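The block underneath contains the structure these notes are about, expressed in structure tokens.
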Amino acid sequence: WCRTAGFLYEAHLRAELTGRLGVAWVPVRHGIADLVGVPRRAIEHFSQRRRQITERMGEIGSHGGHAAQVAAYATRQVKDTSVPYADLQAWWMKRAVAVGLSADTMAGVCDRTARRQSALDDIEFDDLALRLDAPNGLTEHRATFDRRDVIRQICAELPVGASTADVLTLADEYLTSRHVVAIVEGEPDRLRRADGRSAPIPGGGPRWTTPDMLRVERLLIRMAAARPLCGAGLANPVAVDAAIARRALSGEQQVMVRRICGSGNGVDVVPGVAGSGKTHALAAAHEAWTASGRTVVGVALSAQAARQLEAGSGIPSMTIARFRGAGDPADASELDPDHVLVVDEAAMVGTRTLVDLVARVHKAGAKAVLVGDACQLPEIEAGGAFAGLSRRGRPAGLSTNRRQHTRWERQALADLRLGHATDALAAYEAHGRIHHDPDPHLTRAGIVDQWWASVADGGDALMLAAHHDAVRDLNSRARDRMAAADQLGGEVIELGGSSYAVGDRVLGLVNDYRTGILNGTRATVSAIDERRRELRLHTTDDRDIRVPFAYVEAGRLAHGYAMTIHKAQGATCDHALVLVDESMSREAVYTAMSRGRQRNDLYLAIDAGRDDIAHAPEIEPDPLGVLSASIQRSAAQQMAIDSRGRG
Numbered sequence: 003w004c005r006t007a008g009f010l011y012e013a014h015l016r017a018e019l020t021g022r023l024g025v026a027w028v029p030v031r032h033g034i035a036d037l038v039g040v041p042r043r044a045i046e047h048f049s050q051r052r053r054q055i056t057e058r059m060g061e062i063g064s065h066g067g068h069a070a071q072v073a074a075y076a077t078r079q080v081k082d083t084s085v086p087y088a089d090l091q092a093w094w095m096k097r098a099v100a101v102g103l104s105a106d107t108m109a110g111v112c113d114r115t116a117r118r119q120s121a122l123d124d125i126e127f128d129d130l131a132l133r134l135d136a137p138n139g140l141t142e143h144r145a146t147f148d149r150r151d152v153i154r155q156i157c158a159e160l161p162v163g164a165s166t167a168d169v170l171t172l173a174d175e176y177l178t179s180r181h182v183v184a185i186v187e188g189e190p191d192r193l194r195r196a197d198g199r200s201a202p203i204p205g206g207g208p209r210w211t212t213p214d215m216l217r218v219e220r221l222l223i224r225m226a227a228a229r230p231l232c233g234a235g236l237a238n239p240v241a242v243d244a245a246i247a248r249r250a251l252s253g254e255q256q257v258m259v260r261r262i263c264g265s266g267n268g269v270d271v272v273p274g275v276a277g278s279g280k281t282h283a284l285a286a287a288h289e290a291w292t293a294s295g296r297t298v299v300g301v302a303l304s305a306q307a308a309r310q311l312e313a314g315s316g317i318p319s320m321t322i323a324r325f326r327g328a329g330d331p332a333d334a335s336e337l338d339p340d341h342v343l344v345v346d347e348a349a350m351v352g353t354r355t356l357v358d359l360v361a362r363v364h365k366a367g368a369k370a371v372l373v374g375d376a377c378q379l380p381e382i383e384a385g386g387a388f389a390g391l392s393r394r395g396r397p398a399g400l401s402t403n404r405r406q407h408t409r410w411e412r413q414a415l416a417d418l419r420l421g422h423a424t425d426a427l428a429a430y431e432a433h434g435r436i437h438h439d440p441d442p443h444l445t446r447a448g449i450v451d452q453w454w455a456s457v458a459d460g461g462d463a464l465m466l467a468a469h470h471d472a473v474r475d476l477n478s479r480a481r482d483r484m485a486a487a488d489q490l491g492g493e494v495i496e497l498g499g500s501s502y503a504v505g506d507r508v509l510g511l512v513n514d515y516r517t518g519i520l521n522g523t524r525a526t527v528s529a530i531d532e533r534r535r536e537l538r539l540h541t542t543d544d545r546d547i548r549v550p551f552a553y554v555e556a557g558r559l560a561h562g563y564a565m566t567i568h569k570a571q572g573a574t575c576d577h578a579l580v581l582v583d584e585s586m587s588r589e590a591v592y593t594a595m596s597r598g599r600q601r602n603d604l605y606l607a608i609d610a611g612r613d614d615i616a617h618a619p620e621i622e623p624d625p626l627g628v629l630s631a632s633i634q635r636s637a638a639q640q641m642a643i644d645s646r647g648r649g
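For the sequence shown, my numbering gives the first residue as 3, with consecutive numbering after it.
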């Protein structure tokens, strides 16, 4: 409720200031709206407290609500009440003028609207409810919501704000209206304790969804089951046998290939654990389909994932956005009955997007193959569809991890996947894979030390973290190590606020199809061509590309010694070194720890600064215990229809 209380406070404040001063507001973002007419640099200058907290969190390498609270306590200074108010006011005015907030500016901020606080009668409930119902409303990112979500969304939909009492009245009116459907939930999630007992994890109370969300989910389920044995995507059995014979496939991979090439279903679902060889098996299916006269097209959310699918399977692939026509529906790809559409990393695809893809396949009489892993990073949009479809019917699944070299690590990953934190962490600790130092700077120094040792041995090592500030810090430390070891060229160029030299590891942040660099492309700087104003890069998939300085100056390239876990899904390396904190979910840790073929290490960035802020004797936090609780916390989504126990 802390975050919700913040939204209520901001909405009430906006209403009061509008009523008293006639100010106007920019659109609400994350619960907060800025005043129209106040210079941006003035806003940033007077946001020092937030900056202190953020910087402290970056220093300790910890994130999440508790970490923010700890950082707030640690950076809070005792107010000097001896300074006269008149002196404070003069100091504030001096600072304000220095950043463009003069008396004239403030006069222009006021009386932009009528000095009248909005009343409940001024808010058109039906219009508000329609905005809450919309796909970009309450169900944009999750299929269900609770009362807190409704309160926050109402606050965000009211730029001029409203009193707390009015917002709560509107929320209750919405939750008792025809616009929502109550969710009948099953047993609550449970937290497994070290002694083997379990306890329920407190939830947010009752949950609801919208009729439209249920309609979309039912449509997907109906279309996925509508055309069994219809002959879609059938391959010649002789071609299937030949494609399998040409590859080293495990028994379950062969079963998967035969299933998706021979079922004749309009939709087949292929759930597979990380490292199970999904793409390798798809190469055989692609060969069999092509030899049988089928046209195979691959799609994925990211351009990098699409490129990896194409490189590993031979299936011509593109982003889902490109397939759907992006901004121009006329550019959408056409399907016919001979098409097979392979959707890779389908567990990350939101339900509404998946419905659109399956509907296109359904209309054309073609076949869709949905491939993914619901235990890796979840959807950003409202989701749970891939997991829901996997539980229905007979999926052609892959359950054997073939990536990690050692048996114990494959078992530890399996335990991680299932949330068996005690068993997984015991295995990693027994093999020296868990590292922690009370000093967060030493933790980060340690991860860079081990990364450097792996690189010096010729390995492909990659550092991973959940948050961008940690990634930037690790990149800076790693680059300093490279420079100190004379691994970077003498010529250094400053572009986009960063330094680049020959030998630098870099990472693409934005797709540029002309040059061949995509969001997530990993590469090494091989040359700096100042005459042509471009960097020459050699990518990890063995391509030589030229990137214009303009791309780099626009902030579209970064150092690539470390990367976020979201960027790393689908990537593999020899050695993955993972910086984890208490904000990370089971899916994030599992995804990160399944990247390295030879070795994966955990570095704990668990806050150790509580002694500085303790108000009473406290139990010293156990970093492994905090990590264990994090691993048991799942961020996986569930369809609303499954939450209701229907479907």
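Each residue gets a CB set at the ideal place from its N, CA and C atoms; glycine is no exception.
Treat the numbers as computed from the prediction; the structure is a model and nothing was measured.
- Taken through DSSP and simplified to helix, strand or coil, MET565 comes out as strand.
- In terms of Cβ geometry, HIS288 and VAL298 form a close pair [threshold 7 Å].
- Comparing alpha carbon positions, the residue from ARG97, ARG419, LEU490 and LEU170 closest to GLN378 is ARG419.
- Going by DSSP, ASN513 is part of no alpha helix (DSSP H) at all; its letter is neither H nor E.
- Three or more beta-carbon pairs drawn from the region 109-125 and the region 10-28 are found closer than 8 Å, and the two stretches are therefore classed as touching.
- Non-local C-beta neighbours of ARG354 in its own chain, meaning closer than 8 Å and more than five positions away in sequence, comprise PRO137, VAL218, GLU383 and ALA384, ordered along the chain.
- Following the DSSP letters along the chain, one finds HIS288 inside the alpha helix (DSSP H) bounded by residues 280-293.
- Remark: C-beta atoms of VAL628 and LEU604 do not approach each other more closely than 7 Å.
- In the three-state reduction of the DSSP assignment, CYS377 falls in the coil class.
- Within 10 angstroms of the beta-carbon of ALA370 lie 16 or more other beta-carbons, which makes it buried.
- Relative to the Cα of ARG249, the nearest Cα in the group ALA285, ALA234 and VAL257 belongs to ALA285.
- No Cβ-Cβ contact shorter than 7 Å links LEU356 with GLY274.
- A straight-line Cα-Cα distance of about 32 Å links ALA44 and VAL152.
- In the three-state reduction of the DSSP assignment, GLY492 falls in the coil class.
- Between the alpha carbons of VAL40 and TRP94 lies a gap of roughly 15 Å.
- Every alpha helix (DSSP H) stretch that sits fully inside the region 443-490 and reaches 4 residues is listed by chain position as 470-486.
- The residue among GLN639, TYR87, GLY491 and ASP488 with its C-alpha nearest the C-alpha of GLU381 is GLN639.
- ALA348 sits in a helix when the DSSP states are folded into three classes.
- For TRP454, the closest of GLN489, SER500 and PRO161 by C-alpha to C-alpha distance is GLN489.
- Here LYS280 is buried, its C-beta having at least 16 other C-beta atoms within 10 Å.
- In the DSSP assignment, VAL360 falls outside any beta strand (DSSP E) and lies within the alpha helix (DSSP H) extending over 353-366.
- Across the set GLY253, THR517 and GLY505, the C-alpha of GLY505 shows the shortest separation from the C-alpha of ILE530.
- DSSP places SER265 outside both helix and strand once states are collapsed to three, so it counts as coil.
- Taking C-alpha positions only, GLY491 is separated from VAL582 by approximately 32 Å.
- For TRP210, the enclosing beta strand (DSSP E) has its first and last residue at 209-211.
- For ASP531, the uninterrupted beta strand (DSSP E) run begins and ends at 524-531, by DSSP.
- The shortest CA-to-CA distance from GLY253 to any of ALA164, THR402, ARG534 and LEU444 is the one to THR402.
- Between LEU372 and ARG396, the alpha-carbon positions lie close to 13 Å from each other.
- Counting only residues of its own chain and dropping the five nearest sequence neighbours on each side, HIS540 has a CB closer than 7 Å to the CB of ALA525, THR526, SER528 and ASP546.
- By the Cβ neighbour-count rule, ALA480 is buried, with 16 or more other Cβ atoms within 10 Å of its own.
- Beta bridge pairing from DSSP links CYS575 with GLY598.
- Non-local C-beta neighbours of ILE633 in its own chain, meaning closer than 6 Å and more than five positions away in sequence, comprise ALA423, ARG588 and VAL591, ordered along the chain.
- In this chain, MET586 is not harboured by any alpha helix (DSSP H), its DSSP state being neither H nor E.
- Taking C-beta separations shorter than 8 Å and ignoring five residues to either side along the sequence, the partners of LEU511 in its chain run ASN521, GLY557, ARG558, LEU559 and ALA560, following chain order.
- For MET320, the enclosing beta strand (DSSP E) has its first and last residue at 319-321.
- Three or more pairs of CB atoms, one per stretch, sit closer than 8 Å, so the region 157-174 contacts the region 122-135.
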